[in-house]
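Residue numbers for the sequence shown follow our numbering, beginning at 1158 and rising by one.
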Amino acid sequence: MASTTSEFTSVAGPRPDLLITTILERLRSLLPEERPIPLHEPRFEANAWERVRDCLDSGWVSSVGAYVDRFEAALSEYTGVPHAVATVNGTAALHTCLLLAGVEAGDEVLLPALTFVGTANPVAAMGAVPHFIDCEHETLGVDPAALAAHLAQTAELRDGVCHNRISGRPIRALVVVHVLGHIADMPRLKALAERYRLVLIEDAAEALGSHLDGRHAGAWGDLSALSFNGNKIITTGGGGAILTRNEALARHARHLTTTAKQAHPWAFEHDEIGFNYRMPNLNAALGVAQMEQLPALIAAKQVLAQHYRETFADMSGARLFREAAGRESNHWLNLLLLDAPLQRDELLQAAHAEGLQLRPFWTPLHHLPMYQDCPRAALVVCDDLFSRGICLPSSAQLGGKPGQS
Ligand SMILES: *Cc1c(COP(=O)(O)O)cnc(C)c1O
């Protein structure tokens, strides 16, 4: 699979100008010839048209309908989490999780700085304060050891409620993110959340199909959020879901996401502040079709990840991120880590010039103007990963056509 580039790899450490050339050459050897090659594209098959047409024919396209129930049942069955509540998007799912966790204005919520901005925005929109914590090289997720040290320094339990000793604010929840589909160290994070009485929320937006010790992402925390945005492993156009093992929380999630309207033949009675967050039936029809494809999509992505591993196996100056033992990633996006940060942007520039849509990580949240004054731990690993990480084109199509993989 890999091209022969012995003239580059035989030198002790690549010359800087050769590193980019070598990486691009290897990418060309692996990827098809058409350009541009997007970072991630959805894949639809005949069943998508069938389900969506059937939904249109039924006349039930909006926020109630059989496809919503079927999609939720499929998610629950696949993940092993008893309750799934489909929402309009992942951000709405996270917002609902935070409401269910009892987060209020003036609270703090622990979350990693290396994540999509959508993890923090619902926290801020509630008047709560994101409190940024560091991630680890092994999983890309929240570092339990660093978090334990940070909490030992800054947090204390007062009457059973965790407080930030410095700001005086309650710390209500811990949101962990499964970055690029790689599950964080959930056993240790769960133990820490229990010790500090924090509600544990998983932002599993990128991790449908990922497992740790045989347990699916989203099955570890009290509540978790999935996303089915167009770039995720499956898509419903836009969409999300809340997963929980707790039936009362699931019932409350359904209520909050349907404007907290009480069941009644005609009256509009709402008993708390709720939102129009339920997934429309039309989107759920696409979701049902995509769930039918999910095993094949993941198989194709495993093939692609293996191709990337082979292609970059003997590379000096960069290496492919690999998940640790016991972890089974959905391989949503493949990650190349440069040994040194110096040439990241040069590589991005050169790749884009030839239609290869490589991407850096999200700019860490503590560098964004609205979040730069938030409380935070040392964010050394987060800044390091951001400076060296490059996401590679990872559509399932690149791992082989359906039936071929
Ligand atoms: C995509 C994503 C979200 C937000 O999901 P949307 O469906 O786009 O609202 C949140 N967190 C992470 C980590 C994501 O990747």
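Positions of the beta carbon are idealized from the N, C-alpha and C atoms, including for glycine.
8 Å contact criterion, which residue i and residue j should meet: CB distance rounded
i, j, result
"V1242", "A1398", "6 Å"
"M1343", "G1396", "Contact doesn't hold; Cβ gap of about 24 Å is too wide."
"G1431", "T1416", "4 Å"
"R1326", "G1263", "6 Å"
Residue from the options whose Cα sits closest to the Cα of residue i
i, options, result
"L1337", "L1555, G1556, L1549, G1557", "L1549"
"L1247", "D1428, I1358, L1369, S1219", "Reading off the sequence shown, one finds Gly at residue 1247, where the question assumed Leu. Nearest option by C-alpha distance: I1358."
"L1271", "A1285, L1297, D1264", "L1297"
"V1318", "S1367, H1294, E1265", "E1265"
"Q1529", "A1230, F1228, V1286", "V1286"
"Q1554", "E1182, R1183, H1421, H1197", "H1197"
"D1541", "A1231, P1498, A1341, H1509", "P1498"
"I1328", "V1260, L1349, G1366", "V1260"
"N1215", "W1489, L1490, A1442, R1315", "The question names Asn, yet the displayed sequence has Ser at residue 1215. Checked all of W1489, L1490, A1442, R1315; the closest Cα to S1215 is A1442."
"A1330", "R1210, A1350, L1184", "A1350"
"C1212", "A1446, A1456, W1489", "A1446"
"N1438", "Q1450, T1311, V1209", "V1209"
"P1199", "V1299, L1369, N1386", "N1386"
Environment of residue i [buried if 16+ CB atoms lie within 10 Å]
i, result
"F1425", "exposed"
"P1301", "buried"
"S1551", "buried"
"R1501", "buried"
"G1275", "buried"
"T1401", "buried"
"W1377", "buried"
"D1360", "buried"
"G1560", "Below a pLDDT of 50, predicted positions are generally treated as unreliable, and G1560, at 47, falls in that range; no measurement from the model is reported."
"Q1419", "exposed"
"S1219", "exposed"
"P1279", "buried"
"A1457", "buried"
"N1487", "buried"
"S1167", "Low local confidence applies: a pLDDT of 42 at S1167 is under 50, so the model's placement there is unreliable, with the coordinate-based value given in what follows. Per the 10 Å Cβ criterion, exposed."
Cα-Cα separation between residue i and residue j, rounded to whole angstroms
i, j, result
"G1474", "A1277", "33 Å"
"G1556", "H1464", "8 Å"
"W1206", "V1460", "26 Å"
"A1407", "V1221", "17 Å"
"S1160", "L1454", "In this prediction, S1160 scores a pLDDT of 42, lower than 50, which makes its location untrustworthy; the coordinate-derived value is nonetheless stated afterwards. So the alpha carbons of these two residues sit roughly 26 Å apart."
"S1163", "T1179", "Reliability of the predicted coordinates at S1163 is poor, the pLDDT of 42 falling under 50, and the value obtained from them is presented with this limitation in mind. Between S1163 and T1179, the C-alpha separation is close to 10 Å."
"Y1353", "I1547", "35 Å"
"M1472", "L1176", "9 Å"
"S1544", "L1495", "9 Å"
"S1186", "T1468", "8 Å"
"Y1224", "N1204", "14 Å"
"L1346", "E1363", "18 Å"
"R1192", "P1517", "20 Å"
"R1227", "Q1506", "44 Å"
"L1380", "E1503", "40 Å"
"G1483", "H1427", "46 Å"
"E1511", "P1189", "13 Å"
"L1536", "W1519", "14 Å"
"E1234", "H1373", "11 Å"
"C1539", "E1293", "8 Å"
"P1526", "W1489", "29 Å"
"D1316", "D1291", "27 Å"
"R1322", "T1253", "27 Å"
"A1534", "E1313", "15 Å"
"A1306", "L1493", "29 Å"
"T1311", "L1477", "35 Å"
"D1174", "L1181", "12 Å"
"F1201", "L1257", "34 Å"
"C1531", "A1281", "10 Å"
"G1237", "S1367", "12 Å"
Proximity test, residue i beta-carbon vs ligand 2 heavy atom, cut-off 6 Å
i, result
"D1291", "You won't find ligand 2 in this model; what it holds is ligand 1."
For residue i, the three-state DSSP class (helix, strand or coil)
i, result
"T1414", "coil"
"I1194", "strand"
"L1546", "The question names Leu, but residue 1546 is Gly in the sequence shown. Strand at G1546."
"I1290", "strand"
"G1275", "helix"
"I1390", "coil"
"S1163", "Only weak support exists for where S1163 lies, its pLDDT of 42 falling under 50; the value from the coordinates is given anyway. In this structure, S1163 counts as helix in the three-state DSSP scheme."
"V1280", "helix"
"C1212", "helix"
"N1440", "helix"
"E1359", "strand"
"A1241", "strand"
"E1511", "coil"
"I1455", "helix"
"E1449", "helix"
"N1204", "helix"
"H1368", "strand"
"P1189", "coil"
"H1524", "helix"
"I1399", "strand"
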